[in-house]
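In order, the protein sequences belong to chains A and B.
This note's numbering applies: residue 1 is where the first sequence begins, and numbers increase by one.
This note's numbering applies: residue 101 is where the second sequence begins, and numbers increase by one.
Number of protein chains: 2
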Amino acid sequence: MDHDAILKALAHPVRREILNWLREPEKHFTSQEHPLEMGVCAGQFERCGLSQSTVSAHLATLSSADLVTTRRLGQWVFYKRNDETIAAFRASLSDI
Amino acid sequence: MDHDAILKALAHPVRREILNWLREPEKHFTSQEHPLEMGVCAGQFERCGLSQSTVSAHLATLSSADLVTTRRLGQWVFYKRNDETIAAFRASLSDI
DNA sequence: CATGGGAGCGATATAAATATCGGCTGTTGG
DNA sequence: CCAACAGCCGATATTTATATCGCTCCCATG
């Protein structure tokens, strides 16, 4: 668990919003044609209003902090919240 | 039902073999990572030993004769036997 | 014997989503 | 004030399966 990377990743409102959306995909991504069990498709997050390249960078930040898991299927990448890492991080916060 | 196109499509052993394989996908395409309910992925048919471009042409012939149905998902195309057309064709054979 | 069509191949094009790059801006620490 | 850096964008690269192109070969029909 890269504590530093996690804190940096959480230091941006859009990335926090993405993590929040991923708590209840079925509430926020009803328009997705792929089954939500596979995760949420990267393109779905462009609803935050930023460009594709920027969204891709935000997702990469979340992923390298291991706050999300990814699964590639062909041209698509699907994202899920990584509650394991998040729980471990939350636990480690008690040290602060 | 394009009688002529169907006869031309059936006039090649590889295309007939493809149609036969599609009668029981679960017997012949166990290696496919996609669910077989979506159909059989085009690339699977390269097992006939021909090149990708040739296989693609054979599949296009079958498809334009409506002997198979296709479903595209991203970069993949999935094929199913079109038993409806085949039945109609079989019925029309009684005219010969 | 010519020729047109079907079959085959390698090479290249296409398509679609995502990733990366280069440049610009705004902010912050020294 | 300057340097570093995060964020942003448009443009371009990447990836992977499939489609198309240009060419050759072979056979059958005229």
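Beta carbons are placed, not taken as given, at the ideal position from N, Cα and C, and that holds for glycine.
{"Query": "Reference R23/A; option with closest CA among H3/A, L50/A, V68/A, A42/A", "Result": "V68/A"}
{"Query": "Per-residue DSSP class, three states only, for F89/A", "Result": "helix"}
{"Query": "Endpoints, beta strand (DSSP E) assigned at L173/B", "Result": "168 to 173"}
{"Query": "Under 8 Å (Cβ pairs) to chain B, residues found in the segment 53 to 80 of chain A", "Result": "L73, G74, Q75, W76"}
{"Query": "Beta-carbon spacing of R171/B, G139/B below 8 Å", "Result": "yes"}
{"Query": "Reduced DSSP secondary structure (H/G/I, E/B, other) of F78/A", "Result": "strand"}
{"Query": "Q2/A - containing alpha helix (DSSP H), residue span", "Result": "For clarity, residue 2/A is Asp in the given sequence; the question names Gln instead. No alpha helix (DSSP H) contains D2/A, which DSSP labels as neither H nor E."}
{"Query": "Residue environment, T154/B, which counts as buried when at least 16 other CB atoms sit within 10 Å", "Result": "exposed"}
{"Query": "Identified DSSP bridge partners for V140/B", "Result": "Y179/B"}
{"Query": "Beta-carbon proximity list for L62/A, same chain, < 6 Å, skipping 5 on both sides", "Result": "A9, R15, V68"}
{"Query": "Beta-carbon gap between W176/B and G74/A smaller than 8 Å", "Result": "yes"}
{"Query": "Cut-off 6 Å between Cβ atoms - residues of its own chain near P125/B, not counting five sequence neighbours on either side", "Result": "L136, V140"}
{"Query": "For S64/A and H3/A, believed in contact at Cβ under 8 Å, the rounded distance", "Result": "That pair is no contact at about 13 Å."}
{"Query": "Spatial neighbours of R81/A in its chain, beta-carbon cut-off 7 Å, leaving aside the 5 residues before and after", "Result": "L19, L22, R23, V68"}
{"Query": "Run of the alpha helix (DSSP H) containing A57/A, from where it starts to where it stops", "Result": "52 to 64"}
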